[in-house]
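Asks:
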Amino acid sequence: MAFAAMQVQSFVGRITRIDPWHRTRGTVQDETEVMAIAEQISIDLKALNGQRPALMDHCIAGNLTEKHLARDLAAALTRSFRTYLANYYASFIHLHRVAYVQYPKTDGVNEAIENISKLSHSMAEGDEALPVNLLWPLMMWGCEEESVTERQWILDSIRSLEDIATNAKVTADLLEEVQRRQDQAKRRIDVRSVSHECFASYHFPIV
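Residue numbers for the sequence shown follow the working numbering, beginning at 513 and rising by one.
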């Protein structure tokens with residue numbers, strides 16, 4: 513499980529390296545190169561999903577119970593796999609916002625949003641607080657979500673992590689500001705730009 517999480521995390525690095533903060537963008541050559549890299553990242557992401565163990569599907573569906581393992585272990589595995597998958601789907605949203613920022617949401621992005629939503633709501637129904645590792649998927653989902661009700665749920669969920677994540681409140685504040693600016697501009701707004709402008713004195717490891 514730890515290795516799988518590291519693989520997903522590696523995609524965050526690969527995607528970040530093609531954003532405007534880490535390479536030149538804007539020319540035809542730049543954007544052609546970025547789209548070629550993005551296409552390979554997308555291929556690799558889909559290949560990673562094909563390698564997931566069958567146990568993951570049982571866990572995500574909530575079918576792993578005390579009939580199979582000790583109750584606490586079954587719950588921990590289910591939670592871990594759901595968190596992993598939410599982060600996996602967040603990579604598709606992250607990639608689209610970096611490489612295809614000016615284009616409408618694709619079917620893949622809509623699928624990612626739907627899955628992060630389902631996974632997050634499923635975990636929220638449990639007895640435990642949402643895991644800290646869900647911050648990034650919630651952030652990415654929140655940047656693309658259009659429903660006012662779901663947006664509020666996302667913000668409330670992030671803020672609920674304040675006791676276990678010191679950056680939870682300010683992350684929610686950042687997301688809320690990004691949403692406000694996107695609504696006003698009717699286009700995507702770069703999260704890091706808003707972070708630097710509004711929270712310059714605060715380091716965001718999540719962005």
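Backbone N, C-alpha and C fix where the C-beta goes; we use that ideal spot for every residue, glycine too.
Roughly how many angstroms separate the alpha carbons of D556 and Y601, rounded to a whole number?
Replies: Approximately 13 Å between the Cα atoms of the pair.
Asks: So the alpha helix (DSSP H) T590 belongs to, where does it begin and stop?
Replies: Here the alpha helix (DSSP H) through T590 covers 583–611.
Asks: Could you give the residue range of the alpha helix (DSSP H) that holds T536?
Replies: No alpha helix (DSSP H) holds T536; DSSP gives it neither H nor E.
Asks: For R692, which option in H606, V682, D668, R663 has the closest C-alpha, if you only look at C-alpha atoms?
Replies: Comparing Cα-Cα distances from R692 to each of H606, V682, D668, R663, the minimum goes to R663.
Asks: In angstroms with no decimal places, state the Cα-to-Cα distance between P643 and T595.
Replies: Rounded to the nearest angstrom, the two C-alpha atoms are 8 Å apart.
Asks: Which term fits T590, buried or exposed, when burial requires 16 or more other beta carbons within 10 angstroms of its beta carbon?
Replies: T590 is buried by the Cβ-count criterion.
Asks: Drop a sphere of 10 angstroms on the beta-carbon of I676, count the other beta-carbons inside from all chains shown, and report buried for 16 or more, exposed for fewer.
Replies: Classification for I676: exposed.
Asks: For N575, which residues of its own chain have a beta-carbon under 6 Å away from its beta-carbon, when the five flanking residues on both sides are left out?
Replies: Result list for N575: empty, nothing under 6 Å.
Asks: Can you list, in chain order, the residues of its chain with a C-beta nearer than 7 Å to that of L607? Leave out the 5 residues immediately preceding and following it.
Replies: The answer, listed in chain order, is I527, A550, I553, S554.
Asks: Tell whether a beta-carbon distance below 8 Å holds between S634 and L650.
Replies: Result no, Cβ atoms of S634 and L650 do not sit closer than 8 Å.
Asks: Is T618 helix, strand or coil by DSSP?
Replies: Here T618 sits in coil by DSSP.
Asks: Restricting to Cα atoms, I'd like to know which of E689, D695, Q696, K698 is closest to S705.
Replies: Selected option, being the one with the closest Cα: E689.
Asks: Check this for me: beta carbons of I625 and E657, under 8 Å apart or not?
Replies: In contact: I625 and E657 (Cβ atoms closer than 8 Å).
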